[in-house]
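Each residue of the sequence shown is one higher than the one before, starting from 10 at the first, in our numbering.
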Amino acid sequence: MSSRVLPIDVVRVPPGLEPLRAEVRTFLDSEIRRGAFTPQCDSWLTGWDEPFSRRLAEHGWIGMTIPRRYGGQGRTVLDRQVVLEELLAVGAPVAAHWIADRQTAPSLLRYGSEQQRAEFLPEIAAGRCYFAIGMSEPDSGSDLASVRTRAVRVAGGWRLTGTKVWTSGAHRAQWFFVLARSAPDTGDRHAGLSQFIVNLRAEGVTVRPIRLLTGEHEFNEVQLDGVFVPDRYVLGEIGSGWGQVTSELGYERSGPERLLTTFPLLAALVSEVRRRADRDPAAVAEIGALTSRLLTLRQLSLSVAGMLAAGKPADVAAALVKDLGTRFEQEVAERARMLADEMPDPDAAPGTFTSHLVRGLLHSPGYTLRGGTNEVLRGVVAKALERA
Numbered sequence: 010m011s012s013r014v015l016p017i018d019v020v021r022v023p024p025g026l027e028p029l030r031a032e033v034r035t036f037l038d039s040e041i042r043r044g045a046f047t048p049q050c051d052s053w054l055t056g057w058d059e060p061f062s063r064r065l066a067e068h069g070w071i072g073m074t075i076p077r078r079y080g081g082q083g084r085t086v087l088d089r090q091v092v093l094e095e096l097l098a099v100g101a102p103v104a105a106h107w108i109a110d111r112q113t114a115p116s117l118l119r120y121g122s123e124q125q126r127a128e129f130l131p132e133i134a135a136g137r138c139y140f141a142i143g144m145s146e147p148d149s150g151s152d153l154a155s156v157r158t159r160a161v162r163v164a165g166g167w168r169l170t171g172t173k174v175w176t177s178g179a180h181r182a183q184w185f186f187v188l189a190r191s192a193p194d195t196g197d198r199h200a201g202l203s204q205f206i207v208n209l210r211a212e213g214v215t216v217r218p219i220r221l222l223t224g225e226h227e228f229n230e231v232q233l234d235g236v237f238v239p240d241r242y243v244l245g246e247i248g249s250g251w252g253q254v255t256s257e258l259g260y261e262r263s264g265p266e267r268l269l270t271t272f273p274l275l276a277a278l279v280s281e282v283r284r285r286a287d288r289d290p291a292a293v294a295e296i297g298a299l300t301s302r303l304l305t306l307r308q309l310s311l312s313v314a315g316m317l318a319a320g321k322p323a324d325v326a327a328a329l330v331k332d333l334g335t336r337f338e339q340e341v342a343e344r345a346r347m348l349a350d351e352m353p354d355p356d357a358a359p360g361t362f363t364s365h366l367v368r369g370l371l372h373s374p375g376y377t378l379r380g381g382t383n384e385v386l387r388g389v390v391a392k393a394l395e396r397a
């Protein structure tokens with residue numbers, strides 16, 4: 010049997026970025042001490058704090074890779090990766106700007122018109138413009154090629170009709186990218202798809218909540234009932250939606266949020282185990298195993314970031330990051346539960362080990378679902394290996 014490997018370049022963070030890391034840590038320590046936020050797991054999804062996003066933008070930590078002519082910082086993906094790691098490590102409330110900074114901005118830079126870039130990119134970099142994602146649909150699961158939302162040509166634009174689901178932050182965001190079928194199905198499911206920039210406050214848009222196990226409202230169902238989208242808000246080329254959306258998924262699936270969602274819990278677990286290290290060597294070994302896996306996953310995420318920055322196809326490698334990383338996040342929660350000296354208490358004080366444990370466990374089922382189910386992503390990787 011021949012071995013097959015995915016072509017992934019090794020990328021490392023240069024020592025010259027350590028001052029940036031120290032600067033971000035100092036800022037976050039100050040924010041926590043003054044009570045601006047309480048660290049929590051899954052903060053990139055549930056920690057919506059617009060003033061905090063604007064404070065990050067004032068430091069130049071949003072839109073870091075956006076060119077300066079569009080209001081960004083023109084810095085490298087590794088600069089941005091350093092900032093993201095520090096934000097996620099302390100569970101900072103970054104949900105408001107996360108999607109816009111992570112994948113909307115790169116998509117606009119690659120496929121957007123000059124008018125679209127000028128309208129949205131400066132506002133994204135300023136931490137004032139928030140986007141959601143309009144990909145998944147009811148009964149479609151992670152099979153994006155089966156979308157049934159329709160885009161019909163009308164005078165001056167398009168009318169969109171259909172339903173999107175699992176749309177994070179749609180009840181707060183101003184805009185979202187919608188993948189829709191703009192031409193009749195000809196048998197090629199990847200043909201006839203297009204992307205549109207849709208105002209979530211437009212007439213015909215209805216947002217309904219889908220609540221988490223904790224009762225929190227972060228996910229939504231978004232109904233589009235003949236929503237008019239002017240031609241200037243077509244993203245890229247009509248009919249090129251499949252290629253555009255798969256490149257966007259490279260950003261969505263490969264970032265450090267796919268392995269650091271439960272890092273506040275892991276850090277708290279280390280502190281808990283340290284207190285009994287001399288009498289519980291097995292727990293120390295568990296921590297060592299988790300830490301070594303995390304370091305490996307971090308390297309993989311960094312390498313995919315480098316591929317994306319170089320314009321290389323990264324959808325398969327990103328699927329691998331998402332699969333391995335989110336399973337690791339779930340395992341952190343489960344190992345913490347097994348090693349805990351106390352039962353999870355939903356009423357525990359925020360920011361404590363127990364509160365991190367409760368949140369990590371209750372949010373755990375979603376880690377491997379959002380961004381594409383891991384079962385589907387393994388199929389993506391398997392097909393790529395078969396072709397290699």
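Glycine residues also receive a C-beta, built at the ideal position from the N, C-alpha and C atoms.
Bear in mind the structure is a predicted one, so any value in this text is a computation, not a measurement.
With a CB to CB cut of under 8 angstroms and the five nearest residues on each side skipped, what residues in its chain are close to residue i?
| i | result |
| --- | --- |
| V207 | G143, L169, W184, F185, F186, V187, V214, L233, V236, V238 and Y242 |
| N383 | K331, D332, T335, R336 and T377 |
| V22 | L87, Q90, V91 and L311 |
| G248 | S191, A192, A200, G201, L202 and S203 |
| E225 | T55 |
Measure how close the beta-carbons of residue i and residue j come, nearest whole angstrom, since I'm counting them as under 8 angstroms.
| i | j | result |
| --- | --- | --- |
| L333 | G259 | At roughly 16 angstroms, the Cβ-Cβ gap does not stay under 8 angstroms, so L333 and G259 are not in contact. |
| A114 | I133 | 5 angstroms |
| D350 | T363 | The pair is not a contact, with the Cβ atoms about 10 angstroms apart (cut-off 8 angstroms). |
| A211 | A189 | With 8 angstroms as the limit, A211 and A189 do not qualify as a contact, their Cβ atoms being about 14 angstroms apart. |
| S403 | Q253 | Beyond the ends of the chain as shown, which are 10 and 397, falls residue 403; an answer cannot be given. |
| R348 | A292 | Before going on, a small fix: residue 348 reads as Leu here, not Arg. Right, their Cβ atoms sit about 5 angstroms apart. |
| T305 | F228 | With a Cβ gap of about 30 angstroms, T305 and F228 do not count as contacting. |
| R63 | G136 | 4 angstroms |
| V174 | E230 | 5 angstroms |
| A101 | L37 | 6 angstroms |
Buried or exposed: which applies to residue i, given that a residue is buried once 16 or more other Cβ atoms fall within 10 Å of its Cβ?
| i | result |
| --- | --- |
| M10 | Low per-residue confidence applies at M10: pLDDT is 35, beneath 50, and the placement is therefore not dependable enough to give any value. |
| G315 | buried |
| Q49 | buried |
| T300 | exposed |
| E67 | exposed |
| L65 | buried |
| V163 | exposed |
| A358 | exposed |
| S145 | buried |
| A391 | exposed |
| A398 | No answer is possible for residue 398: the residues shown for the chain start at 10 and end at 397. |
| T361 | exposed |
| V156 | buried |
| A328 | buried |
| L394 | exposed |
| P24 | exposed |
| G56 | buried |
| T172 | buried |
| Q112 | buried |
| G407 | For residue 407 there is no data in the structure shown, the boundaries of the chain being 10 and 397. |
Tell me the residue span of the beta strand (DSSP E) that contains residue i.
| i | result |
| --- | --- |
| L188 | W184 to R190 |
| V214 | V214 to R220 |
| R198 | No beta strand (DSSP E) holds R198; DSSP gives it neither H nor E. |
| P239 | H226 to P239 |
| R162 | R159 to V163 |
| L394 | Where L394 is concerned, there is no enclosing beta strand (DSSP E), although the alpha helix (DSSP H) it sits in stretches over N383 to R396. |
| F46 | F46 -> no beta strand (DSSP E), and no H or E assigned at all. |
| A141 | F140 to G143 |
| T300 | Unbroken run through T300 is the alpha helix (DSSP H), P290 to A318; no beta strand (DSSP E). |
| R168 | G166 to V174 |
Closer than 7 angstroms by C-beta to residue i: which residues in its own chain qualify, once you throw out the five before and the five after it? Chain order, please.
| i | result |
| --- | --- |
| D88 | L26, L29 and M73 |
| S373 | Q339 and A342 |
| E59 | A105 |
| W107 | W53 |
| E295 | R344 and L348 |
| R84 | M73 and T74 |
| G121 | L244 |
Could you spell out where the alpha helix (DSSP H) holding residue i opens and where it closes?
| i | result |
| --- | --- |
| T363 | F362 to Y376 |
| A250 | Note on identity: in this sequence residue 250 is Gly, with Ala being the wrong assignment. From DSSP, the alpha helix (DSSP H) with G250 extends over G250 to S263. |
| E123 | E123 to A134 |
| L97 | V86 to A98 |
| T271 | T271 -> no alpha helix (DSSP H), and no H or E assigned at all. |
| T335 | D324 to L348 |
| W107 | A104 to I108 |
| S62 | E59 to E67 |
| S149 | Segment: none, S149 is in no alpha helix (DSSP H) and carries neither H nor E. |
| S177 | Careful: S177 lies outside any alpha helix (DSSP H) and carries neither H nor E. |
Using C-beta distances below 6 angstroms, list every residue in its chain close to residue i, excluding the 5 sequence neighbours before and after it, in chain order.
| i | result |
| --- | --- |
| D324 | T255, L258 and G259 |
| L309 | V330 |
| K321 | none |
Under 8 angstroms: does the beta carbon of residue i sit that close to some heavy atom of the ligand GDP?
| i | result |
| --- | --- |
| S177 | Of the ligands one can find in the structure shown there are none, so the ligand GDP has no counterpart to examine. |
Exercise. If we count Cβ pairs, one from each stretch, closer than 8 angstroms, do we get three or more for the segment 193-206 versus the segment 271-287?
Worked result: The segment 193-206 vs the segment 271-287: no contact.
Exercise. Quick one: any contact between the segment 124-132 and the segment 75-94, if contact means 3 or more CB pairs under 8 angstroms?
Worked result: Yes: the two stretches touch, three or more of their Cβ pairs being nearer than 8 angstroms.
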